[in-house]
Amino acid sequence: MFVEYQDKVFTGHSNTPAIQGGLALNGAWKGFDVALLFTAAARFDVSLTGTYYNGNDDNTVYTETFKEGGNSPKWLVTGAWTEENPNAKYPRLTVSSPTNNNGLASTFWYKNGTYLRLKTAQIGYTIPSKILDYAK
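Everything in the sequence shown is counted per numbering that gives the first Met the number 0, starting at 0 for the first residue and increasing by one.
Right, here's the structure in full:
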């Protein structure tokens with residue numbers, strides 16, 4: 000008896016970060032103040048094919064050109080296989096067709112999602128009160 004997809008295994012990390020955090024830094028000096036907010040996440044993978052609520056992967060603008068009227072990124076279009084570019088990094092792009100298998104689950108489309116983000120940066124200056132008194 001033939002069983003389809005016997006080569007599927009769990010690999011990588013979940014698409015939900017196992018580690019999440021933030022850091023707020025505040026400082027002041029001679030009337031100047033600075034506030035920085037960083038956020039970070041680690042130990043998770045992002046599937047460029049898109050993993051949906053039911054756990055299935057499917058095509059996105061990263062795997063199917065003009066998916067649902069969207070634009071594909073330039074790096075994907077210029078790096079995709081064509082007859083002129085047979086050693087391309089990415090597979091052949093197609094517009095919706097029954098032969099587009101790029102949306103099938105594959106570790107090729109999984110990318111490390113780890114990030115550190117500067118979410119907000121604020122710089123301020125407090126005008127001394129004796130200068131403000133002259134403005135009254």
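Think of the CB as a built atom: it goes at the ideal place given N, C-alpha and C, for glycine as much as any other residue.
The three-state secondary structure of Lys118, taken from DSSP, is strand. Within a 10 Å sphere around the beta-carbon of Asp56 sit 16 or more other beta-carbons, which makes this residue buried. Sorting Ile126, Glu82 and Thr64 by C-alpha distance to the C-alpha of Trp74 places Thr64 at the top. Cβ contact annotation for Trp80 (same chain, cutoff 6 Å, sequence separation greater than five): Ala87, Pro90 and Arg91, in chain order. Contact check for Lys110 and Val45: beta-carbon distance about 5 Å, within the 8 Å limit, so the pair qualifies. The shortest C-alpha to C-alpha distance from Ser128 to any of Gly30, Leu22 and Phe9 is the one to Gly30. The continuous alpha helix (DSSP H) containing Asp132 extends over residues Ser128 to Ala134. Around the C-beta of Thr59, 16 or more other C-beta atoms lie within 10 Å, and the residue is accordingly described as buried.
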